[in-house]
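Q: Going by full-length UniProt numbering, the first residue of the sequence shown is number 1, and it counts up by one from there.
For each residue, glycine too, the CB sits at the ideal point set by N, CA and C.
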Amino acid sequence: MTEPLILAVPKGRILEECLPLLARVGIEPEPAFSDESSRALRFRTNRPGIDLIRVRAFDVATFVAHGAAQLGIVGSDVLAEFDYSELYAPVDLGIGHCRLSVAEPADLAAKDDPRGWSHVRIATKYPNATRRHFEARGVQAECVKLNGAMELAPVLGLAPRIVDLVSSGRTLKENGLVEVEVIAQVTSRLIANRAAFKTRPEVVPLVDAFRRAVIGADAA
């Protein structure tokens with residue numbers, strides 16, 4: 001008996017946008033998936049050959065790259081940070097819109113010009129993507145790796161600037177920061193393990209179903 005396909009989905013804000021998309025593809029998680037008190041991480045669906053796992057966004061790419069999950073939904077920010085050669089990202093799902101941006105305290109921004117930077121110290125959970133961005137401009141980026149609470153770094157003197165995801169900008173504003181440069185526009189992608197794409201025949205039809213669901217949503 002063939003093991004079910006594992007589809008990794010991210011915890012957090014993207015998950016709410018994922019669920020209608022999954023429904024259009026014909027995938028409905030078991031009731032426990034919506035139970036906020038449940039500690040389960042793997043869930044059955046209405047499709048016997050498909051299970052879901054719910055993990056941190058950064059871990060989605062790792063599970064799929066190493067073949068523990070065959071498919072996943074993850075932001076293009078994560079793909080840029082890890083750059084796994086084992087991943088194939090065939091479908092832009094058109095959800096999870098935000099941007100990866102550089103921000104700094106408002107009083108610094110008032111007298112600062114990013115075009116004049118030669119060296120920057122930045123707190124971020126995206127050190128690889130941040131370094132690549134600045135290297136392309138000839139700027140040396142010293143990155144301090146954080147996994148959260150990025151906005152505290154300038155306030156407490158850890159680093160004068162941050163690189164983080166920005167959606168509405170409200171969190172930045174409430175912490176006295178302003179956006180000064182956009183590194184990349186971000187959306188969520190359907191990703192597949194390259195080996196599974198070739199060896200599991202049920203992967204391709206599922207990818208095609210996601211593609212049709214996105215086209216249908218755009219048409220609506």
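How many angstroms separate the CA atom of residue 143 from the CA atom of residue 129?
A: Each residue's alpha carbon lies about 10 Å from the other.
Q: Nearest by alpha-carbon distance to residue 59: which of 44, 186 and 82 is it?
A: 82
Q: Can you tell me which residues form a DSSP beta bridge with residue 180?
A: In DSSP, residue 180 forms no bridge with anything.
Q: Using 8 Å for Cβ pairs, my map puts residue 105 next to residue 180. What's the rounded Cβ distance?
A: Rounded to whole angstroms, the Cβ separation of residue 105 and residue 180 is 10 Å, and the two are not in contact under 8 Å.
Q: Which whole-angstrom value describes the C-beta separation of residue 10 and residue 56, a residue pair presumed to lie in contact below a C-beta threshold of 8 Å?
A: About 7 Å separates the beta carbons of residue 10 and residue 56, which is inside the 8 Å limit, making them a contact pair.
Q: So residue 16 is in the beta strand (DSSP E); what residue range does that whole segment cover?
A: It is not in any beta strand (DSSP E) - residue 16 instead sits in the alpha helix (DSSP H) that spans 13-25.
Q: Is the separation between the beta-carbon of residue 99 and that of residue 204 shorter than 7 Å?
A: no
Q: Roughly how many angstroms lie between the CA atoms of residue 29 and residue 40, to the nearest whole one?
A: Straight-line Cα distance between these residues: approximately 12 Å.
Q: Using only the alpha-carbon positions, how far apart do residue 231 and residue 52 sit?
A: As displayed, the chain neither begins before 1 nor continues past 220, which places residue 231 out of reach and without an answer.
Q: Contact between the segment 182-191 and the segment 70-85: three or more CB pairs below 8 Å?
A: yes
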